[in-house]
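As structure tokens, the structure follows; a few thoughts come after it.
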Amino acid sequence: MPSIFSSLIPVVVLIAVGMFAGRRGWVTTAGAKELTDLSFLVLAPALLFRTMSQVHWSDINLSPVALYFVAAMMLFAIVILSLGASRRSAVMALAATFSNTVMIGIPLISLAFGPAGLVYLFTLISMHALILLTLATVVLELVMAQEAAIQSGGEPRHPLKTIGLAVRNAVIHPVPLPILAGLLWGQTGWVMPEVLDKPIQWLGATFGPLALLMVGITLSNVLDRVIRAGGPADPQFSRQRILWSALGMACLKNLVHPSLVVGMSLLLGLRGLPVAVMMVASSLPIGANVFLFSQRYKVAEDEVTSAVAVSTLAALLTVPIVMAGVVWVM
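Per numbering that gives the first Met the number 0, the sequence shown starts with residue 0, numbered consecutively.
Here it is as structure tokens:
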């Protein structure tokens, strides 16, 4: 139990500090947008490139993480099919499946399972952003290409051309591109000169704390808007709509995702430390990358911001419940 709180409380504190800064007006709404762009276009690519550049395919054991990603893909598809293909449903699906595996996952798994558990977590982390962020990017770009075709009033693009443009935009993108570049660099065996590696490391290390501060700053703006609007005349920012949406996403991420992993492990008769690590990883709260996606694509910003905060707070209760069930697969 102490390990869970020691991993989650710092995240809650950073969000709270961001809320305080937002309430004091130290960061304006325009400034928050600019900081989000900085995180998305500079800091996140640095973190992704450096992380993936240290991955060697020969060292990756994909068997344990397959369980995680099959469950994540199932949940991603369920959300998309339930809400219909749109930018909002793509962001919601990402929120339901993208865990905070670095800031919370690494210290939690280290304290709970030791170095042996970290091996499996790092394997997951090496594929986590590559698969889920790229999947969300492809869906978002595909939907946006269809929206653009409809708005232009011209002839609809051929489906294959639309898919091709979406895939191109998804690859030439601040998330998948540094992942692929980092993977390619890692396979060369070359060593990054320290004069380059150190700045990239500093930029990447800045991403997590700044992203959580931005969640808090944006959350303070969300709360201001729903308090002012808060009535049936302005359903776009109603308390009920945002609260229920945030609770729904937190429930999917904190409970449904790990339930799918547990159910599949029982169905397939899988046991042991790797499965236990995947169970705990799937129960982690929503990662801040989802917040950046919602900001980047200007969709469901209030809902996702609130969901990240609610999911993190709820994890203080839900993660211990999942960890208590780990004994069944060990």
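Ideal Cβ positions, reconstructed from N, Cα and C, are used throughout, including at glycine. Here the structure is a predicted model, which means the values were calculated and not measured.
For the stretch 46-106, list the alpha helix (DSSP H) runs that are entirely contained and at least 4 residues long, ordered along the chain. 62-82, 86-96
Test item: CB-CB of I79 and A95 under 8 Å: For the purposes of this step, residue 79 is taken as the residue at position 80 of the sequence shown. For the purposes of this step, residue 95 is taken as the residue at position 96 of the sequence shown. No, the pair does not count as a contact, with Cβ atoms beyond the cut-off.
Validate contact between the stretch 316-325 and the stretch 271-280 using beta carbons, cut 8 Å, 3 pairs: yes
Are the CB atoms of F48 and I199 within a distance shorter than 8 Å? Residue 199 sits at position 200 when you count from the first residue of the sequence shown. Residue 48 sits at position 49 when you count from the first residue of the sequence shown. In this structure, F48 lies closer than 8 Å to I199 by Cβ.
One question on the structure: do M143 and R86 come within less than 8 Å of each other, judged by their Cβ atoms? Taking the sequence shown and counting its residues from 1, one reaches residue 143 at position 144. Taking the sequence shown and counting its residues from 1, one reaches residue 86 at position 87. Yes.
Residue range of the alpha helix (DSSP H) that includes P257: Locating residue 257 in the sequence shown gives position 258, counting from the first residue. That run of the alpha helix (DSSP H) goes 256-267.
Would you report the Cα separation of G268 and I216, rounded to the nearest angstrom? Here residue 268 is taken as the residue at index 269 of the sequence shown, counted from 1. Here residue 216 is taken as the residue at index 217 of the sequence shown, counted from 1. Computed Cα separation, rounded: 45 Å.
As a quick exercise: from V194, A43, P257, R23, pick the residue whose alpha carbon is nearest that of L209. In the sequence shown, residue 209 corresponds to position 210, counting from 1. Nearest option by C-alpha distance: A43.
Proximity to L183 [Cα-Cα], best of A20, I14, V16, H55: Numbered from 1 along the sequence shown, position 184 holds the residue referred to as residue 183. It is H55 whose Cα lies nearest to the Cα of L183.
What span of residues does the alpha helix (DSSP H) with F39 cover, start to end? Working through the sequence shown from its first residue, we reach residue 39 at position 40. Neither: F39 is in no alpha helix (DSSP H) and is coded neither H nor E.
Where the alpha helix (DSSP H) containing A280 begins and where it ends: Your numbering for residue 280 matches position 281 in the sequence shown. It spans 272-282 - the alpha helix (DSSP H) in which A280 sits, taken as one unbroken run.
For the alpha helix (DSSP H) holding I320, just list the boundary residues, first then last. Start at 1 with the first residue of the sequence shown, and residue 320 comes out as number 321. It spans 300-324 - the alpha helix (DSSP H) in which I320 sits, taken as one unbroken run.
Do L246 and I14 have their CB atoms nearer than 8 Å? Residue numbering aside, residue 246 sits at position 247 when the sequence shown is read from its first letter. Residue numbering aside, residue 14 sits at position 15 when the sequence shown is read from its first letter. No, they are not a contact pair.
For L283, which residues from the same chain have a beta carbon less than 6 Å from its beta carbon, with the 5 sequence-adjacent residues on both sides left out? Here residue 283 refers to the residue found at position 284 when the sequence shown is read from its first residue. Excluding sequence neighbours, L283 sits near S98, N99, I103, G104.
Tell whether a beta-carbon distance below 8 Å holds between L74 and L251. Here residue 74 refers to the residue found at position 75 when the sequence shown is read from its first residue. Here residue 251 refers to the residue found at position 252 when the sequence shown is read from its first residue. Result yes, Cβ atoms of L74 and L251 sit closer than 8 Å.
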